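Number of protein chains: 2
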Amino acid sequence: MVGRFSIGEFSKHTKVSIRTLHYYDEISLIKPVKDVRTGHRIYSEENIQTLHKVMTLKSLGYSLEQIKELIYRSSMDMTIIESLRMQKEKLEMDREKIDTSLSTLRRTIAILEEVGEVDSTILMSIIAGMQTEKEQRSYAEKLVDKDIVDQYYDVSEDIKLELEKASLKFYERVKQLAEKPIHHEEVHEMLHDYFSLIFKLTGKDEFQEALADVVSKIEDKDDDYLNEIADELERTFPSPLTKEEESWLEQAMLHYLKSIDIFSEGEEE
Amino acid sequence: MVGRFSIGEFSKHTKVSIRTLHYYDEISLIKPVKDVRTGHRIYSEENIQTLHKVMTLKSLGYSLEQIKELIYRSSMDMTIIESLRMQKEKLEMDREKIDTSLSTLRRTIAILEEVGEVDSTILMSIIAGMQTEKEQRSYAEKLVDKDIVDQYYDVSEDIKLELEKASLKFYERVKQLAEKPIHHEEVHEMLHDYFSLIFKLTGKDEFQEALADVVSKIEDKDDDYLNEIADELERTFPSPLTKEEESWLEQAMLHYLKSIDIFSEGEEE
DNA sequence: ATATAACCTAACGTTACGTAAGGAGCAAGT
DNA sequence: ACTTGCTCCTTACGTAACGTTAGGTTATAT
Numbered sequence: 001m002v003g004r005f006s007i008g009e010f011s012k013h014t015k016v017s018i019r020t021l022h023y024y025d026e027i028s029l030i031k032p033v034k035d036v037r038t039g040h041r042i043y044s045e046e047n048i049q050t051l052h053k054v055m056t057l058k059s060l061g062y063s064l065e066q067i068k069e070l071i072y073r074s075s076m077d078m079t080i081i082e083s084l085r086m087q088k089e090k091l092e093m094d095r096e097k098i099d100t101s102l103s104t105l106r107r108t109i110a111i112l113e114e115v116g117e118v119d120s121t122i123l124m125s126i127i128a129g130m131q132t133e134k135e136q137r138s139y140a141e142k143l144v145d146k147d148i149v150d151q152y153y154d155v156s157e158d159i160k161l162e163l164e165k166a167s168l169k170f171y172e173r174v175k176q177l178a179e180k181p182i183h184h185e186e187v188h189e190m191l192h193d194y195f196s197l198i199f200k201l202t203g204k205d206e207f208q209e210a211l212a213d214v215v216s217k218i219e220d221k222d223d224d225y226l227n228e229i230a231d232e233l234e235r236t237f238p239s240p241l242t243k244e245e246e247s248w249l250e251q252a253m254l255h256y257l258k259s260i261d262i263f264s265e266g267e268e269e
Numbered sequence: 001m002v003g004r005f006s007i008g009e010f011s012k013h014t015k016v017s018i019r020t021l022h023y024y025d026e027i028s029l030i031k032p033v034k035d036v037r038t039g040h041r042i043y044s045e046e047n048i049q050t051l052h053k054v055m056t057l058k059s060l061g062y063s064l065e066q067i068k069e070l071i072y073r074s075s076m077d078m079t080i081i082e083s084l085r086m087q088k089e090k091l092e093m094d095r096e097k098i099d100t101s102l103s104t105l106r107r108t109i110a111i112l113e114e115v116g117e118v119d120s121t122i123l124m125s126i127i128a129g130m131q132t133e134k135e136q137r138s139y140a141e142k143l144v145d146k147d148i149v150d151q152y153y154d155v156s157e158d159i160k161l162e163l164e165k166a167s168l169k170f171y172e173r174v175k176q177l178a179e180k181p182i183h184h185e186e187v188h189e190m191l192h193d194y195f196s197l198i199f200k201l202t203g204k205d206e207f208q209e210a211l212a213d214v215v216s217k218i219e220d221k222d223d224d225y226l227n228e229i230a231d232e233l234e235r236t237f238p239s240p241l242t243k244e245e246e247s248w249l250e251q252a253m254l255h256y257l258k259s260i261d262i263f264s265e266g267e268e269e
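Following this line, the structure appears as structure tokens:
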């Protein structure tokens with residue numbers, strides 16, 4: 001007899017586990033002949049071909065259920081091309097997700113290598129920020145002109161890294177100082193450092209412009225709409241600060257902005 | 001009471017399903033307080049932060065088991081950087097797989113759009129060939145000089161497509177003609193077309209050179225080794241032809257090569 | 001008081017197998 | 001004749017991260 005294998009031989013030959021073959025038999029994907037007397041499965045040459053098709057489609061990411069449907073038509077016509085296109089789209093989406101995750105991981109690793117140890121809540125919110133950059137952009141475009149948004153987000157990875165490190169430091173200092181009075185010198189220093197860096201990285205004029213734009217855009221919208229957006233923003237991109245720290249920071253910022261005429265002249269150093 | 005939510009409120013606020021919250025409670029990932037009287041879960045602000053960390057890490061591809069370990073240390077030290085690196089490597093591997101599958105899908109779709117309908121076995125073996133291009137290269141490098149292998153594989157997608165379409169046609173014709181005598185005119189024509197195209201696409205001289213190299217390399221090795229490789233090759237990249245078609249083709253090729261002096265002068269047209 | 005909404009626990013379904021557990025049939029060695 | 005040992009069989013639980021009933025209890029609205 002040529003081309004008749006026991007399940008063990010078949011498994012060795014195809015490098016597919018016996019359990020897998022049992023399973024494929026069970027779900028009627030590959031049904032070998034059965035020896036009526038012993039109940040043993042007998043595989044043929046044809047089963048090799050079929051198994052090979054299965055493995056091929058599996059490597060393209062198809063489920064066994066889909067494979068079962070595809071495999072038993074003898075000619076691959078226009079129906080299958082649709083299925084291939086869908087599979088392609090699915091994989092393209094998977095790839096995009098992986099790409100953003102990889103970018104996030106690279107940047108996070110870079111940050112940690114420089115900074116050493118970080119409060120986990122803060123780090124997580126930075127990571128979340130990176131992971132949701134695309135969504136952030138769509139949100140931002142609801143509030144600000146697209147070219148301003150582009151200008152803010154289309155910067156080099158290096159600059160992003162600097163900004164992320166700055167935010168990290170900033171949040172850490174907020175958490176440290178949140179007990180102190182808002183007119184304390186260290187508080188002033190912290191805010192000064194933060195704004196200076198932002199000015200340096202995004203350009204002072206540009207930042208002003210964007211800010212002014214946001215303010216004017218916000219004035220146009222009605223409150224309900226703004227509350228809705230604010231709510232959704234909080235959900236999607238939560239801050240690492242507690243409610244108390246948040247309101248403390250708000251006070252401190254107001255005080256700082258009042259104390260120096262922020263949008264007037266050059267900052268020293 | 002500020003920041004105390006029922007599970008329904010919490011679910012609406014975070015957009016995480018109630019079932020998921022139940023599950024996270026069950027596996028001790030997020031444990032809200034429980035009203036001792038009613039048994040109802042009561043979520044706090046802190047739970048929001050934790051849930052947010054969970055979602056963030058999940059978006060990076062971590063399992064809930066891994067997340068549980070990562071999440072309850074307050075500072076992210078050098079231990080986590082290792083974990084991030086591993087996750088990065090994992091994603092990079094995933095990405096590579098997806099990329100080869102996408103390339104295969106693109107090429108397959110292109111073929112089907114041009115050719116229309118195809119025998120499924122043949123198409124599958126072409127797809128399998130595309131999916132295993134990398135492995136094929138490593139195998140080829142065992143038999144042929146690396147630069148010859150490179151020369152063969154490092155060609156444009158267009159040329160690859162041409163070759164794949166040619167193989168497809170070729171196999172189809174083999175299956176059609178396999179009954180006929182090997183000296184039949186159509187058989188001669190088929191082999192002529194096939195070799196002509198290969199010569200055109202890879203260059204006749206280059207093909208000869210590669211072939212000669214293979215032959216000389218093979219002569220060096222001992223039979224056991226060659227049989228082993230041949231066996232593994234058959235397993236990994238099976239042909240769409242049956243045993244009979246295969247041996248018919250071998251005869252036909254021998255006849256063809258004898259009938260014309262293949263490596264002599266120019267082919268017409 | 002009663003209807004309805006919100007909550008609870010328990011448990012099965014999903015995907016593609018891995019991993020025992022327990023048993024049958026057949027050969028070789030003692 | 002008995003015991004190993006090998007290959008095969010079926011049955012069935014475990015995995016990850018929930019979705020989806022089902023059946024029962026509590027909270028809120030009328």
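If you read the protein sequences in the order shown, they are chains A and B. At position 84 of the first sequence the residue is numbered 84 (full-length UniProt numbering), and the sequence of numbers has no breaks. At position 41 of the second sequence the residue is numbered 41 (full-length UniProt numbering), and the sequence of numbers has no breaks. Glycine included, each C-beta is placed from N, C-alpha and C at the ideal position. Note that this is a predicted model, so its numbers are computed, not measured.
Q) Which residues in chain A sit within 8 angstroms of Pro238/B, going by Cβ to Cβ distance? A) Ile48, Gln49, His52
(Q) How far does the alpha helix (DSSP H) with Tyr152/B in it extend, from its first residue to its last? (A) 146-153
Q) What first and last residue would you give for the beta strand (DSSP E) that runs through Ile42/B? A) 41-44
Q. Taking DSSP as the reference, what is the three-state secondary structure of Val36/B?
A. coil
**Q.** the ligand GDP heavy atom lying under 7 angstroms from the CB of Tyr23/B
**A.** With respect to small molecules bound, the structure shown includes none, and the ligand GDP cannot be examined in it.
Q) the segment 74-105 of chain A: which residues have C-beta closer than 9 angstroms to a C-beta of chain B, in chain order? A) Ser74, Ser75, Met76, Asp77, Met78, Ile80, Ile81, Leu84, Arg85, Gln87, Lys88, Leu91, Glu92, Asp94, Arg95, Lys97, Ile98, Asp99, Thr100, Ser101, Leu102, Thr104, Leu105
Q. Does any C-beta atom of chain B lie closer than 8 angstroms to the C-beta of Gly8/A?
A. no
Q: Return the Cβ separation of Leu201/A and Ile159/A in integer angstroms, given the expectation that the two are a contact with Cβ distance under 8 angstroms.
A: 6 angstroms
**Q.** Start and end residues, alpha helix (DSSP H) containing Gly129/A
**A.** 120-131
Q. Do the segment 52-61 of chain A and the segment 80-88 of chain B meet, that is, are 3 or more Cβ pairs less than 8 angstroms apart?
A. no
Q: Ignore the nearest five residues each way along the sequence and tell me which others in Glu268/A's own chain have a CB closer than 7 angstroms to its CB.
A: For Glu268/A, the predicted structure reports a pLDDT of 43, less than 50, and the residue's modelled location is therefore unreliable. The matter cannot be settled from this model.
Q. Are the segment 63-77 of chain B and the segment 10-24 of chain A touching by the rule of at least three beta carbon pairs closer than 8 angstroms?
A. no
Q) Is the Cβ of Gly61/B closer than 8 angstroms to any Cβ of chain A? A) yes
**Q.** Separation of Met190/A from Arg173/A, as counted between CA atoms
**A.** 7 angstroms
Q.
Between Thr20/B and chain A, is the shortest Cβ-Cβ distance under 8 angstroms, so that the two count as touching?
A. no
Q) Alpha carbon to alpha carbon, what distance is there between Ser167/A and Gly129/A? A) 11 angstroms
**Q.** The alpha helix (DSSP H) enclosing Asp223/A, as first and last residue numbers
**A.** 223-236
Q: Helix, strand or coil for Phe5/B, going by three-state DSSP, please let me know.
A: strand
Q: With 8 angstroms as the C-beta to C-beta threshold (strictly closer), list the residues of the segment 128-152 of chain B near chain A in chain order.
A: Ala128, Gln131
Q: State yes or no: is the beta carbon of Met124/A nearer than 8 angstroms to at least one beta carbon in chain B?
A: yes
Q: With Asp158/A as the anchor, note down where its alpha helix (DSSP H) starts and where it stops.
A: 157-177
(Q) Comparing C-alpha positions only, which one of Leu241/B, Phe5/B, Lys221/B sits nearest to Ile48/B? (A) Phe5/B
Q. Looking at the C-beta of Leu249/B, does it have a partner C-beta in chain A at a distance below 8 angstroms?
A. no
Q. Measuring CB to CB, does residue 329/B end up less than 8 angstroms from Leu51/A?
A. For residue 329/B there is no data in the structure shown, the boundaries of chain B being 1 and 269.
(Q) Please tell me whether Val214/B and Val144/B are closer than 8 angstroms, where the distance is taken between their beta carbons. (A) yes
(Q) Would Ile30/B pass as an interface residue toward chain A - the criterion being a Cβ-Cβ separation below 8 angstroms? (A) no
Q: List the endpoints of the continuous alpha helix (DSSP H) containing Arg106/B.
A: 78-115
Q) Roughly how many angstroms lie between the CA atoms of Gly266/B and Glu45/A, to the nearest whole one? A) The pLDDT assigned to Gly266/B is 46, lower than 50, so where the model puts this residue is not dependable; a value taken from the coordinates is nonetheless given after this. Whole-angstrom Cα-Cα distance: 41 angstroms.
Q: Using the Cα positions of Lys134/B and Lys97/B, report the straight-line distance between them to the nearest angstrom.
A: 11 angstroms
Q. Measuring CB to CB, does Val255/A end up less than 8 angstroms from Ile198/A?
A. Here residue 255/A is His; the residue named in the question, Val, does not match the sequence. No; because the gap between Cβ atoms is not below 8 angstroms, this pair is not in contact.
Q) For chain A, is any of its Cβ atoms less than 8 angstroms away from the one on Arg37/B? A) no
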